[in-house]
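To keep things clear, I will list the structure first and then write my remarks on it.
Laid out in structure tokens, this is it:
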């Protein structure tokens with residue numbers, strides 16, 4: 179089954195264990211296609227100090243036209259490349275695997291964040307409490323301004339939390355949402371909505387009637 183939070187983004191959130199994989203990539207297969215032997219050798223000669231020294235010695239021996247020395251250098255270079263190949267492949271596989279882990283999922287917006295399984299119950303306890311309180315406040319905001327969508331109400335509540343520095347910690351957010359007086363903020367939303375409706379109604383009147391409407 180495919181679970182996609184975009185079906186209902188206001189109500190669905192996706193999480194993954196920090197040790198989990200998305201199952202999108204096969205690291206060994208990616209490395210085999212994207213990091214072939216020629217690319218590996220090119221990187222080896224660019225990064226490995228031993229190979230860089232051997233390359234310099236090979237260039238020097240080539241200029242003096244000493245075939246025996248050149249052949250010896252080439253053999254040493256080949257041996258060094260063979261020695262480094264498994265290490266480079268292993269590092270490349272690990273790097274490719276990183277693109278299938280929670281860090282990449284979070285960066286791409288596939289999940290909200292990665293979790294440690296052993297602490298997941300505590301996390302979700304506070305997350306659910308926080309979301310329930312936020313949803314209650316969002317409904318109050320929507321009631322104060324009927325033209326406001328649930329998405330806009332959520333953004334406004336999130337902005338209030340961020341302004342108080344409580345948007346990254348659900349436990350702190352719960353304490354803030356339970357204790358902070360939001361009635362004045364909701365009232366301000368209602369006042370602004372009323373002003374907006376009055377302006378719209380006023381602009382609908384013919385100019386000859388506008389003056390009498392203000393009396």
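Numbering (this note's numbering), first residue to last: 179 to 393. Just so you know, even glycine gets a beta-carbon here, dropped at the ideal spot from N, CA and C. Being a predicted model, the structure only gives us computed values, none of them experimental.
Please state if the CB of residue 352 and the CB of residue 290 are separated by a distance shorter than 7 angstroms.
-> Walking along the chain shown from the start, residue 290 turns up at place 112. Walking along the chain shown from the start, residue 352 turns up at place 174. Going by C-beta atoms, residue 290 is not nearer than 7 angstroms to residue 352.
Would you check if the segment 309-317 and the segment 351-368 touch, i.e. whether three or more CB-CB distances between them fall below 8 angstroms?
-> yes
So is residue 354 buried or exposed if we call it buried at 16+ other beta carbons inside 10 Å?
-> If you number the chain shown from 1, residue 354 lands on position 176. Under this definition residue 354 is a buried residue.
Quick one: any contact between the segment 265-282 and the segment 230-237, if contact means 3 or more CB pairs under 8 angstroms?
-> no
Helix, strand or coil: which one does DSSP assign to residue 195?
-> Within the chain shown, numbered from 1, the residue matching residue 195 stands at position 17. Of the three classes helix, strand and coil, the one that applies to residue 195 here is strand, per DSSP.
Simplified DSSP assignment, three categories, for residue 341 | The residue labelled residue 341 in the question sits at position 163 within the chain shown. Looking at residue 341 - three-state DSSP - the assignment turns out to be helix.
Below 8 angstroms, can you find three or more Cβ-Cβ pairs linking the segment 277-289 to the segment 184-196?
-> yes
Nearest-angstrom Cα distance between residue 311 and residue 356?
-> Numbered from 1 along the chain shown, position 133 holds the residue referred to as residue 311. Numbered from 1 along the chain shown, position 178 holds the residue referred to as residue 356. Taking the straight line joining both Cα atoms gives about 8 angstroms.
Which residue comes first and which comes last in the beta strand (DSSP E) that contains residue 292?
-> Locating residue 292 in the chain shown gives position 114, where the first residue counts as 1. 291-293 is the span of the beta strand (DSSP E), which, as asked, contains residue 292.
Say whether the segment 249-256 touches the segment 202-211, bearing in mind that this needs 3 or more beta-carbon pairs closer than 8 angstroms, one atom from each stretch.
-> no
Considering residue 348, what are the terminal residues of the alpha helix (DSSP H) in which it resides?
-> Walking along the chain shown from the start, residue 348 turns up at place 170. First-last of the alpha helix (DSSP H) with residue 348: 348-357.
According to DSSP, is residue 189 helix, strand or coil?
-> Counting from one through the chain shown, the residue named residue 189 turns up at place 11. Residue state, collapsed to three classes: coil.
Measure the C-alpha to C-alpha separation of residue 301 and residue 333 and round it to an integer number of angstroms.
-> Translated into the one-based positions of the chain shown, residue 301 becomes position 123. Translated into the one-based positions of the chain shown, residue 333 becomes position 155. Residue 301 and residue 333: Cα-Cα distance of roughly 22 angstroms.
Reduced DSSP category for residue 204 - H, G, I as helix; E, B as strand; rest coil = Start at 1 with the first residue of the chain shown, and residue 204 comes out as number 26. The answer is coil: DSSP assigns residue 204 none of H, G, I, E or B.
Report yes if the CB atom of residue 348 is closer than 7 angstroms to the CB atom of residue 305, and no otherwise.
-> Taking the first residue of the chain shown as position 1, residue 348 is located at position 170. Taking the first residue of the chain shown as position 1, residue 305 is located at position 127. For residue 348 and residue 305, yes; Cβs fall inside 7 angstroms.
On the three-state DSSP scale, how would you describe residue 278?
-> Reading the chain shown from its first residue, position 100 is the one you call residue 278. Residue 278: coil per DSSP, three-state reduction.
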